[in-house]
Amino acid sequence: MEPPVRLICGDCLQSVELYLEGSSDSPPLCPNCGGTIEGPPSMLDSGTREATRPLPESTQPFSPEVSSRDTTLWIERWSKGSLGTVGRFQLRELLGDGGFGEVFLAYDPRLDRDVALKVLKLANPDDRVVQRFFREARAAARLDHPNIVTVHDAGHDDGRFWIAYQYVAGRALSRPRDRRMDVAAVARLIRDLADALDHAHRQEVFHRDLKPANILVDDRGRPHLTDFGLARRADLDSDLTRDGAILGTPAYMSPEQAGGRSHLADERSDVYSLGVIFFELLCGR
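Numbering (the working numbering), first residue to last: 3 to 287.
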């Protein structure tokens with residue numbers, strides 16, 4: 003028996019698993035609402051279907067156009083599960099887009115869970131770029147803390163490099179525009195982040211780009227530190243940051259980073275950045 007295929011019902015927008023063995027002239031029905039599931043033909047045609055890749059897979063080098071939501075009519079109907087695939091992952095929604103990579107909400111059928119999938123933008127990158135990309139995974143994979151986003155897996159498929167992170171349903175940390183935050187709430191948040199940083203530093207991992215955009219707050223108000231793209235492991239990465247390099251976000255970087263001495267950034271640099279965030283949340287500026 004072939005494994006089930008996970009589809010999204012166009013009527014109730016619920017995720018369902020269906021066994022599509024055998025041929026049938028009629029499309030399958032949603033077990034939740036009874037509606038007709040009208041997926042792409044490659045999903046429903048048992049003669050050409052790939053069970054683990056129910057969405058059309060591009061043979062072209064990766065480019066941002068892969069995540070376009072208006073390329074076909076059925077993509078517009080399926081607000082999730084419709085952005086193609088990367089390896090075994092089914093892309094559902096674009097969560098973030100930076101100069102180096104894109105982050106998607108994705109479904110991992112092997113482990114039956116949602117992940118935040120970071121995909122390197124560059125097609126056929128050189129070895130140094132790949133090394134820097136996977137350095138992020140290596141740094142975060144060493145850490146095990148409730149306030150640090152977990153790395154599940156990392157790899158590459160057909161020239162597309164990816165890192166699968168724990169998916170945190172929430173938002174990036176931000177302060178209210180019209181008022182100051184509650185002092186007790188800010189203190190709890192900073193306490194949790196300081197504890198997370200202490201854990202990272204004990205593992206000799208230095209973040210070096212601590213800022214509100216890299217702190218996710220879940221629906222229970224708990225902060226989660228993420229994006230170790232500029233992180234440095236003291237035991238591995240001494241040769242990846244050259245003297246004179248300015249790494250980080252200007253408003254939050256430490257004096258040594260701003261002065262072009264990012265190779266000297268360590269736990270003290272992270273504490274400085276956390277202090278800037280603390281000040282901003284308390285004072286509103």
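We treat Cβ as the ideally placed atom computed from N, Cα and C, and that holds for glycine.
Buried/exposed call for residue i, threshold 16 Cβ in 10 Å
i           : result
residue 32  : buried
residue 149 : buried
residue 185 : exposed
residue 312 : Since the first residue shown for the chain is 3 and the last is 287, residue 312 is missing from the structure and cannot be characterised.
residue 38  : exposed
residue 220 : exposed
residue 252 : exposed
residue 281 : exposed
residue 99  : exposed
residue 35  : exposed
Beta bridge counterpart(s) of residue i as assigned by DSSP
i           : result
residue 226 : 218
residue 97  : For residue 97, which the question treats as bridged, DSSP gives no partner whatsoever.
residue 158 : 163
residue 170 : None; residue 170 has no bridge partner.
residue 121 : 104 and 164
residue 115 : 110
residue 212 : The partner list for residue 212 (beta bridge, DSSP) is empty, contrary to what the question assumes.
residue 31  : 38
Extent of the continuous alpha helix (DSSP H) to which residue i belongs
i           : result
residue 304 : Because the chain here runs from 3 to 287, residue 304 falls outside it and cannot be looked at.
residue 351 : Since the displayed the chain opens at 3 and closes at 287, residue 351 lies outside it and no answer follows.
residue 270 : 269-285
residue 148 : Here residue 148 belongs to no alpha helix (DSSP H), and DSSP marks it neither H nor E.
residue 260 : 257-260
Member of the options whose CA lies at the smallest distance from the CA of residue i
i           : options               : result
residue 126 : 96, 160 and 116       : 160
residue 284 : 19, 113, 183 and 112  : 183
residue 228 : 256, 101, 195 and 260 : 195
residue 132 : 223, 115, 157 and 193 : 157
Segment limits, beta strand (DSSP E) that includes residue i
i           : result
residue 110 : 103-110
Quick check: the stretch 206-224 against the stretch 266-280, are there 3 or more CB pairs under 8 Å?
-> yes
Do the stretch 115-130 and the stretch 157-175 touch if we need at least three Cβ pairs shorter than 8 Å?
-> By the criterion of at least three beta-carbon pairs nearer than 8 Å, the stretch 115-130 is in contact with the stretch 157-175.
Do the stretch 201-210 and the stretch 139-154 make contact, defined as three or more Cβ pairs closer than 8 Å?
-> Taking 8 Å as the limit for Cβ pairs, the verdict is that the stretch 139-154 does touch the stretch 201-210.
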